[in-house]
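Q: Handing you this structure, nothing more for now.
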Amino acid sequence: MIRVGFGVTVLDRSLKTGGGVDGIGSYTSELQRALTRGVGIDLTRISFARALTRTGETSGAESSSVRFGISALVSATTGLSFPEARWLRGKIDIMHATDHLIPKLGNLPVVATLMDAIPLSHPQWVSRSPLGRLKSALWRRSAKWANRIITISGFSKDQIVRHFRLPPDAISIIPLGVGKHWFDSVPSETLLDTKKRLELPDRFFLFVGTIQPRKNLRRVIDAYLGLPPGIRNEVPLIIVGRRGWNDGDTVDALVGGAHGPSVRWFGRLGDDDLRAIVKQASVLVFPSLCEGFGLPVLEAFAAGIPVITSNITALPEVAGDAALLVDPYDISAISDAMMELIENEEMARALCEKGRRRAEGYSWERTAAMTVDVYRQVLGI
27 MIRVGFGVTV LDRSLKTGGG VDGIGSYTSE LQRALTRGVG IDLTRISFAR ALTRTGETSG
87 AESSSVRFGI SALVSATTGL SFPEARWLRG KIDIMHATDH LIPKLGNLPV VATLMDAIPL
147 SHPQWVSRSP LGRLKSALWR RSAKWANRII TISGFSKDQI VRHFRLPPDA ISIIPLGVGK
207 HWFDSVPSET LLDTKKRLEL PDRFFLFVGT IQPRKNLRRV IDAYLGLPPG IRNEVPLIIV
267 GRRGWNDGDT VDALVGGAHG PSVRWFGRLG DDDLRAIVKQ ASVLVFPSLC EGFGLPVLEA
327 FAAGIPVITS NITALPEVAG DAALLVDPYD ISAISDAMME LIENEEMARA LCEKGRRRAE
387 GYSWERTAAM TVDVYRQVLG I
């Protein structure tokens with residue numbers, strides 16, 4: 027039995043604030059579920075909060091919270107262990123920092139998941155506040171304390187090697203999974219309810235993602251507005267995603283209706299509504315400028331809809347030949363791809379079939395099994 031301390035700080039904060047779970051929080055939640063369903067893992071959830079508290083059991087795992095505040099800053103800047111490290115060493119065999127909060131725990135082995143290196147490789151796409159810069163510097167330094175790094179794509183590994191100055195053989199690539207519910211059919215009454223409540227047409231383009239420069243929504247809108255009026259009148263662009271960083275102009279235009287009635291923004295949707303709307307979309311348009319993985323692509327594949335995505339960063343690695351790949355900086359190329367898939371039903375159907383088969387190769391059970399292999403490697407068992 028391997029006793030694993032599993033970092034859930036970002037996940038817990040997301041749940042407590044009610045802001046919804048995405049990115050790191052989603053990874054942590056899904057991997058936690060898959061690990062607790064497995065054999066030979068005793069999982070203790072570790073949340074670095076302001077006080078040492080007990081929060082009961084969640085998903086079959088003991089849930090604990092240890093102090094994270096000034097002690098974390100001291101540890102990050104000096105390399106000293108957390109005051110609670112001795113307590114942890116009596117409870118767990120290995121710590122898995124899933125959420126970029128990488129503690130210094132003396133001789134207790136630490137595995138750290140780094141999704142990407144975007145704050146370091148592309149600082150123009152993240153907040154450049156003094157606190158943000160400090161976090162990036164401490165993040166890079168503390169990553170060196172991990173006994174092993176897990177990342178989610180070959181692209182991310184290359185970026186981490188370059189910007190964290192870590193040796194390639196210190197990093198394991200473990201792809202994300204796609205939830206089984208994405209493959210399942212949605213009850214017809216649920217689809218009809220969502221369609222009626224959200225006033226969805228029979229056909230629509232779909233963009234899913236936080237509204238921030240990196241997600242490239244402005245070019246998606248421009249590409250859509252370049253389509254013939256007849257197409258836009260029949261096939262609107264539906265945007266699903268919460269507000270993010272540096273989104274003011276984009277949000278103002280959406281709220282003010284500057285792009286006309288065929289461009290609609292729903293904000294963040296609940297899980298059931300999101301799955302229902304993805305299932306009914308004609309095309310997912312996801313030409314992000316930079317992704318460490320690109321899970322919405324796999325989810326769309328599993329849901330059975332065709333995808334347009336970028337030909338750079340990790341997206342071609344994830345999509346393979348199952349999506350239309352475009353230069354995300356080329357508005358005309360995005361527009362042409364949208365036109366192609368809305369008019370060419372045979373191509374759209376072929377991509378749906380390829381996408382479904384590709385998504386079947388990714389599961390959270392596979393992610394969990396590969397993660398346990400890393401634990402065993404670090405522990406030498």
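Each residue of the sequence shown is one higher than the last, beginning at 27 in the numbering used here.
Positions of the beta carbon are idealized from the N, C-alpha and C atoms, including for glycine.
Just so it is clear, the structure is predicted and the values come from calculations on it, not from any experiment.
Is the CB-CB distance between Leu-217 and Gln-306 below 8 Å?
A: yes
Q: Thinking C-beta only, is Ala-385 closer than 8 Å to Leu-324?
A: yes
Q: Relative to the alpha-carbon of Arg-59, which residue among His-126, Trp-291, Pro-262, Trp-390 has its alpha-carbon at the smallest distance?
A: Trp-390
Q: Which whole-angstrom value describes the C-beta separation of Thr-220 and Ile-303, a residue pair presumed to lie in contact below a C-beta threshold of 8 Å?
A: 6 Å
Q: For His-321, collect the residues of the same chain with a Cβ closer than 6 Å to its Cβ; drop the 5 residues on either side in sequence, then sort them by chain order.
A: Looking at the sequence shown, residue 321 is not His but Leu. Cβ neighbours of Leu-321 beyond the five flanking positions: Leu-202.
Q: Residues bridged to Leu-300 by DSSP?
A: According to DSSP, Leu-300 bridges with nothing at all.
Q: Please state the DSSP three-state secondary structure of Val-30.
A: strand
Q: Taking its Cβ as the centre, do 16 or more other Cβ atoms sit within 10 Å of Met-27, making it buried, or is it exposed?
A: By the 10 Å Cβ count, Met-27 comes out exposed.
Q: For the alpha helix (DSSP H) containing Arg-417, name the first residue and the last one.
A: Nothing can be reported for residue 417, as the shown portion of the chain is limited to 27 through 407.
Q: Any idea if Met-373 is buried or exposed, counting beta-carbon neighbours within 10 angstroms, 16 or more meaning buried?
A: exposed
Q: Identify, in the order they occur along the chain, each residue of the same chain with its Cβ nearer than 6 Å to the Cβ of Leu-295, setting aside the five sequence neighbours on each side.
A: Answer for Leu-295: Val-266, listed in chain order.
Q: Cβ of Ile-178 within 8 Å of Cβ of Ser-198?
A: When the beta-carbon positions are compared, Ile-178 and Ser-198 stay at least 8 Å from each other.
Q: Where Ser-336 and Val-281 are concerned, what is the direct C-alpha to C-alpha distance, given to the nearest angstrom?
A: 27 Å
Q: Going by the beta-carbon positions, is the gap between Ala-326 and Gly-381 smaller than 8 Å?
A: Between Ala-326 and Gly-381, the CB-CB gap stays under 8 Å.
Q: Here's the rule: buried if 16 or more other CB atoms are within 10 angstroms of the residue's CB, otherwise exposed. What is Gly-86?
A: Because the pLDDT of Gly-86 is 43, which lies under 50, any placement of that residue in the model is unreliable, and the number read from its coordinates should be weighed accordingly. So Gly-86 ends up on the exposed side.
Q: Exposed or buried, Glu-317, counting other C-beta atoms within 10 Å across all chains shown (16 or more means buried)?
A: buried
Q: Taking the straight line between their C-alpha atoms, what separation do you get for Leu-127 and Val-277?
A: In a straight line, the C-alpha of Leu-127 is about 31 Å away from that of Val-277.
Q: To the nearest angstrom, report how far apart Arg-392 and Asp-298 are at their CA atoms.
A: 24 Å
Q: Out of Pro-255, Lys-241, Trp-291, state which residue places its alpha-carbon closest to the alpha-carbon of Trp-271.
A: Lys-241
Q: If you follow the beta strand (DSSP E) that Ser-211 is in, where does it begin and where does it stop?
A: No beta strand (DSSP E) holds Ser-211; DSSP gives it neither H nor E.
Q: For the ligand GTP, is there a heavy atom less than 7 Å away from the beta-carbon of Leu-69?
A: Summarising the ligand content, the structure contains no ligands, and the ligand GTP is consequently not present.
Q: Nearest by alpha-carbon distance to Trp-208: which of Ser-361, Ala-329, Ile-118, His-148 is it?
A: Ala-329
Q: Please list the terminal residues of the continuous alpha helix (DSSP H) segment that includes Ala-340.
A: That residue, Ala-340, is in no alpha helix (DSSP H); it is neither H nor E in DSSP.
Q: Give the C-beta separation of Val-136 and Pro-129 to the nearest angstrom, bearing in mind that I take them to be a contact with Cβ-Cβ under 8 Å.
A: 7 Å
Q: Among the residues of its own chain, which have a CB less than 6 Å from the CB of Leu-69, if the five just before and after it don't count?
A: Val-30, Phe-32, Leu-61, Thr-62, Ala-87
Q: If you drop the 5 nearest sequence neighbours on each side, which residues of the same chain put their C-beta closer than 7 Å to that of Gly-293?
A: A distance below 7 Å between beta-carbons, with the five flanking residues on each side excluded, links Gly-293 to the following residues of its chain, in chain order: Arg-268.
Q: Which residues in the same chain as Ala-359 place their Cβ atom closer than 6 Å to its Cβ, once the five residues preceding and following it in sequence are excluded?
A: Val-352, Asp-353
Q: Which residues mark the beginning and the end of the beta strand (DSSP E) in which Ser-179 is found?
A: Here Ser-179 belongs to no beta strand (DSSP E), and DSSP marks it neither H nor E.
Q: Kindly provide the ranges of any alpha helix (DSSP H) runs that are 4 or more residues long and lie completely inside the stretch 179 to 267, ordered along the chain.
A: 180 to 190, 214 to 224, 243 to 251, 255 to 260
Q: Under 6 Å Cβ to Cβ from Ser-147, same chain only, skipping five residues before and after it: list those, please.
A: Gln-185, His-189
Q: Could you name the residues of the same chain whose beta carbon sits closer than 7 Å to that of Ile-15, not counting the 5 residues immediately before and after it, in chain order?
A: Residue 15 lies beyond the residue range present for the chain, which begins at 27 and ends at 407; the question has no answer from this structure.
Q: Where do the N-terminal and C-terminal ends of the beta strand (DSSP E) with Phe-312 fall, by residue?
A: 309 to 312
Q: What is the residue span of the beta strand (DSSP E) that Trp-271 lies within?
A: Careful: Trp-271 lies outside any beta strand (DSSP E) and carries neither H nor E.
Q: Can you give me the C-alpha to C-alpha distance between Pro-194 and Ala-340, rounded to a whole angstrom?
A: 17 Å
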